[in-house]
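Notes to accompany the following structure.
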Amino acid sequence: VQLQASGGGLVQAGGSLRLSCAASGSISSITLMGWYRQAPGKQRELVAIITRWRITNYADSVKGRFAISGDNAENTVDLQMNSLKPEDTAVYYCRLVDSRTGDYWGQGTLVTVSS
Numbered sequence: 027v028q029l030q031a032s033g034g035g036l037v038q039a040g041g042s043l044r045l046s047c048a049a050s051g052s053i054s055s056i057t058l059m060g061w062y063r064q065a066p067g068k069q070r071e072l073v074a075i076i077t078r079w080r081i082t083n084y085a086d087s088v089k090g091r092f093a094i095s096g097d098n099a100e101n102t103v104d105l106q107m108n109s110l111k112p113e114d115t116a117v118y119y120c121r122l123v124d125s126r127t128g129d130y131w132g133q134g135t136l137v138t139v140s141s
């Protein structure tokens, strides 16, 4: 399984970005897809996930600003990020959990929010 993430970049505080992730390969039974991030010197943390049953979960720090959406048929997951803050600066990673084949991560896309 391969995950291709796109949409990162440089944006001013208060701006918006949309991240997209497309999964391909031997996908069997997706349990969840989601986004995590890792800022310099910090551990990787959950940003938002969406399960196959359309249940979502967000980090408290992004609630009300970020929205995750997924397409089960296309094996894609998007993250709409609004009202971005400098503390949102990080490398964002896409994740896919397949109940039959395993846990997969994308290569990461850099989001930089300038103040």
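Residue 92 in our numbering is what sits at position 66 of the sequence shown, and the numbering runs on without skipping anything. Every residue, glycine too, gets a C-beta built ideally from N, C-alpha and C.
Asked	Found
contact_flag[the stretch 109-129, the stretch 55-67] where n(CB pairs < 8 Å) is 3 or more	yes
Beta carbon of Arg78 nearer than 8 Å to that of Asn98	yes
Short Cβ contact (8 Å threshold) for Arg44 with Leu136	no
Distance, Val103 Cα to Gln69 Cα	22 Å
C-beta atoms of Leu110 and Ala31 nearer than 8 Å	no
Whole-Å CB distance - Asn101 paired with Ala49, under 8 Å assumed	4 Å
Test item: CB-CB of Val139 and Val27 under 8 Å	no
Three-way DSSP call (helix, strand, coil) for Val27 in this model	coil
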